[in-house]
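Peer 1: In my numbering, the protein residues as written are 8 to 288.
We put the beta carbon where it would ideally sit given N, CA and C, even for glycine.
1. From residue 266 to residue 256, what distance separates their C-alpha atoms?
2. Give me the residue from 143, 172, 176 with the minimum Cα distance to residue 46.
3. Here's the rule: buried if 16 or more other CB atoms are within 10 angstroms of the residue's CB, otherwise exposed. What is residue 34?
4. Starting from the Cα of residue 139, find the closest Cα among 18, 275, 274, 10 and give me that residue.
5. Spatial neighbours of residue 94 within its chain, please: C-beta separation below 6 Å, excluding the five flanking residues on both sides.
6. To test your reading of the DSSP string, which unbroken alpha helix (DSSP H) runs of 4 or more residues are found completely within the region 63-88?
7. Tell me which same chain residues have a C-beta within less than 6 Å of the C-beta of residue 219, skipping the five on either side of it?
8. Kindly indicate the opening and closing residues of the alpha helix (DSSP H) around residue 41.
9. For residue 176, which option in 194, 141, 136, 99 has the closest C-alpha, if you only look at C-alpha atoms?
10. By the DSSP assignment, the beta strand (DSSP E) with residue 268 in it spans what residues?
11. Is it the case that the Cβ atoms of residue 185 and residue 241 are separated by a distance below 9 Å?
12. Residues in its own chain within less than 6 Å of residue 147 by CB, not counting five upstream and five downstream?
13. Just to confirm, is the Cβ distance from residue 208 to residue 233 under 9 Å?
14. Could you check if residue 99 is buried or exposed, using at least 16 other CB atoms within 10 Å of its CB as the buried criterion?
Below you can see the structure in the form of structure tokens.
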């Protein structure tokens with residue numbers, strides 16, 4: 008049996024979209040054509056009877072554009088202000104697009120600290136479960152307006168893995184500006200080889216990650232994606248890293264077609280997420 012065939016049977020799916028996949032490279036403004044395709048793909052997943060959670064970057068990028076910054080802001084207070092502007096704009100567009108496909112979306116703002124507190128974690132899980140029961144599509148982002156720690160050191164790659172672990176998802180898909188995992192940086196080394204499947208994430212592969220992002224828009228490089236893979240696979244969740252250049256890739260991945268790098272889930276470690284968070288903080 009093809010390893011990717013089992014992706015067809017996934018029922019609860021978390022999809023993370025990077026800022027570079029949502030915006031025009033030349034201007035930093037939202038790519039509305041791509042957003043329409045994204046919403047249509049997610050709506051069709053719901054129409055198939057599956058549950059889907061979207062972890063969406065882009066608030067700071069959208070807000071900085073609206074506030075007329077010429078480049079991505081660097082000061083924490085500027086990022087917070089841009090996030091406050093951009094998050095509202097982003098959700099307004101998502102609401103409008105999803106309504107066209109008769110879908111309901113919901114906003115959840117959280118940080119990695121949310122899952123460290125027992126009561127907050129319990130409340131967050133209850134909210135996710137109830138929204139999914141209602142057939143809604145939760146749209147998750149970091150609460151950048153108050154969470155300075157995550158903006159300095161975190162990213163939505165890691166957050167999406169934490170969300171996937173929290174809700175006991177079957178599959179995590181990370182879409183960014185890269186095709187998947189290579190043996191080296193393909194932009195610098197033409198001999199870098201693509202890695203189709205990772206059966207077990209070891210220290211050698213984790214060291215392979217480099218904390219860079221080619222777009223200058225997002226905050227997460229390969230290192231953060233491998234951290235996400237580490238969390239997801241040890242939580243019993245398969246994960247795919249693929250290129251978000253064309254959001255039609257979502258249904259192709261779920262059809263079991265050969266796109267991106269597939270990280271195979273390991274035996275579920277119930278305490279892995281909490282152990283990871285305790286080490287981080």
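Peer 2: On the basis of the supplied data:
1. Here the question's residue 266 lines up with position 259 in the chain shown. Here the question's residue 256 lines up with position 249 in the chain shown. Cα to Cα, the separation comes out at about 8 Å.
2. For the purposes of this step, residue 46 is taken as residue 39 along the chain shown, with counting starting at 1. For the residues 143, 172, 176, the minimum Cα distance to residue 46 belongs to 143.
3. By one-based count along the chain shown, residue 34 stands at place 27. That one is exposed.
4. As a position in the chain shown, residue 139 is number 132, starting the count at 1. For residue 139, the nearest C-alpha among the options comes from 18.
5. Numbered from 1 along the chain shown, position 87 holds the residue referred to as residue 94. Taken in chain order, the residues that qualify are 66.
6. 66-73
7. Position 212 of the chain shown, counted from the start, is the residue given in the question as residue 219. Reliability fails at residue 219, whose pLDDT of 44 lies under 50, so the model's placement of it is uncertain and no value is given.
8. Numbered from 1 along the chain shown, position 34 holds the residue referred to as residue 41. First-last of the alpha helix (DSSP H) with residue 41: 39-54.
9. Your numbering for residue 176 matches position 169 in the chain shown. The shortest C-alpha separation from residue 176 is found at 136.
10. One-based indexing of the chain shown puts residue 268 at position 261. Residue 268 -> beta strand (DSSP E) spans 268-270.
11. As a first step, residue 185 is located in the chain shown; it is residue number 178 there, counting from the start. As a first step, residue 241 is located in the chain shown; it is residue number 234 there, counting from the start. Going by C-beta atoms, residue 185 is not nearer than 9 Å to residue 241.
12. Locating residue 147 in the chain shown gives position 140, where the first residue counts as 1. Same-chain partners within the cutoff: 62, 115, 170.
13. Counted from its first residue, the chain shown places residue 208 at position 201. Counted from its first residue, the chain shown places residue 233 at position 226. Closer than 9 Å, so yes.
14. Mapped onto the chain shown, residue 99 falls at position 92. It is exposed - the Cβ of residue 99 has fewer than 16 other Cβ atoms within 10 Å.
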